[in-house]
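2 protein chains.
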Amino acid sequence: MNKINRKLEYALIGLKHMRSKQPGELTTVKEIAATYGCPFEATSKVMQSLAAGGLVRSEQGAHGGYQLVRDLNRLPLYEVLEMVVGPVEIAKCLHQVDGGCELRGSCNVISPIENLNRKLIEFYRGLTVGELLEGRGFVAKPQSLELRDLAAHAGHELAAVE
Amino acid sequence: MNKINRKLEYALIGLKHMRSKQPGELTTVKEIAATYGCPFEATSKVMQSLAAGGLVRSEQGAHGGYQLVRDLNRLPLYEVLEMVVGPVEIAKCLHQVDGGCELRGSCNVISPIENLNRKLIEFYRGLTVGELLEGRGFVAKPQSLELRDLAAHAGHELAAVE
DNA sequence: TTTAATTACGACTAATTTGGTCGTAGTTAA
DNA sequence: TTAACTACGACCAAATTAGTCGTAATTAAA
Ligand code: SF4
Ligand code: SF4
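Residue numbers (my numbering), protein chains in the order written: chain V, -12 to 149; chain F, -12 to 149.
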């Protein structure tokens, strides 16, 4: 439940791998697939999406490969999501390319859903890939105490933070 | 892509419907299904999950039904999610009850994924159902979690602009 | 005490989405 | 020419999600 798309994982795996390369140094899909065990073709497609999105540059032919062309610290996760799985549209009635939802017209939560969609996009836009990749462990946020209170009030434990 | 679970929508539909009832007034699944066109059985199951989670109380038998027993303004969306689709675990390696992920061991993004998982949970915990349901159009400046919590602790309700 | 309206719930099927593979073509250095 | 790559559409397989069915339990009212 609540799983993210596998493509996003392959994208992050590749991005993290490429991040440690010298500028100009290329990375092949074969290399990524061999190093991390992810399926070649699937990973290849993901890299192609990233290339289409301008996040990486591809060089074809023998000794070809990919290289990062953007600063991951300034790259919102939302953009990666968009490149590999498309825009965040959490319900059928938002952008009804496929006919939309049959409940539309009687539905009472369209606005709330639009609301949530917008907030989620905000969330993903406010989170950089660099931040995600290097942040090991817990980052103390000014929100922590309040969250703790809220969670406690709701009768939940806070997840243990390493 | 990026769709949320349909169960969550049915939950929100039901919750929003019940919110306008008087205390003690019951709502039947039949009523919800008829009003909004959602499938009876599916909606029924969702309501049962909400009842199991203590969000609503059920009354059985003829003239039975459900009623809200918690203040939606203090209810993090995360709890509803948990009740209807289980805990937020965005990747297979986070809850290895089902064997986990085959990439584990060679994977270089486990920490980042754990990170994202935690941030998403924070996001859903910091968003109340009331907040979500109220805003029809745009909320110009979403009130910060800190302020909301201060208000809650001070015993004030959120301004329910309807 | 019967009936009708309701919740409760497990098992099942259908539909959709996701994940992964294959085949083939294009590009380029050696 | 060949080998090592990227590019990409079509396809198949697996997993998840969505919805249905059958049946039981509960309760108010006839
Ligand atoms: S919000 Fe209402 S109309 Fe839009 S998809 Fe969900 S149920 Fe259908
Ligand atoms: S983070 Fe790595 S190990 Fe965990 S599920 Fe994703 S790919 Fe598998």
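For glycine and all other residues, C-beta sits at the position ideal for the given N, C-alpha and C. Treat the numbers as computed from the prediction; the structure is a model and nothing was measured.
In the three-state reduction of the DSSP assignment, Arg91 of chain F falls in the coil class. Look at the beta carbons and you see the region 35 to 42 of chain F touching the region 67 to 80 of chain F: at least three pairs across the two are nearer than 8 Å. DSSP, reduced to helix, strand and coil, places Val43 of chain V within a strand of the structure shown.
Gly52 of chain V is bridged by DSSP to V:Glu46.
Under DSSP, Pro63 of chain V forms a beta bridge with V:Thr115. Our two residues, Met34 of chain F and Thr15 of chain F, have alpha carbons roughly 10 Å apart in a direct line. Counting the other Cβ atoms within 10 Å of the Cβ of Gly48 of chain V gives fewer than 16, which makes it exposed. Using a Cβ-Cβ distance cut-off of 8 Å, the region 8 to 25 of chain V and the region 48 to 66 of chain V are in contact, since at least three pairs of beta carbons, one from each stretch, lie closer than that value. Identification of residues in the region 13 to 25 of chain F having a C-beta nearer than 8 Å to some C-beta of chain V yields Thr22, Tyr23, Gly24 and Cys25, given in sequence order. Under the three-state reduction of DSSP, Thr14 of chain F is assigned to strand. Chain order gives the chain F residues near Ser93 of chain V as Thr22, Tyr23 and Gly24, where near means a beta carbon separation below 8 Å. Annotation for Arg6 of chain V: the continuous alpha helix (DSSP H) segment containing it runs Arg(-7) to Arg6. For Asp58 of chain V and Gly117 of chain F, the gap between their C-alpha atoms comes out near 38 Å. In this structure, the beta-carbon distance from Leu107 of chain V to Ile77 of chain V falls below 8 Å. In this structure, the straight-line span from the alpha carbon of Asn95 of chain F to that of Val75 of chain V is close to 25 Å. Contacts with chain F at 8 Å (Cβ-Cβ) include His4 of chain V.
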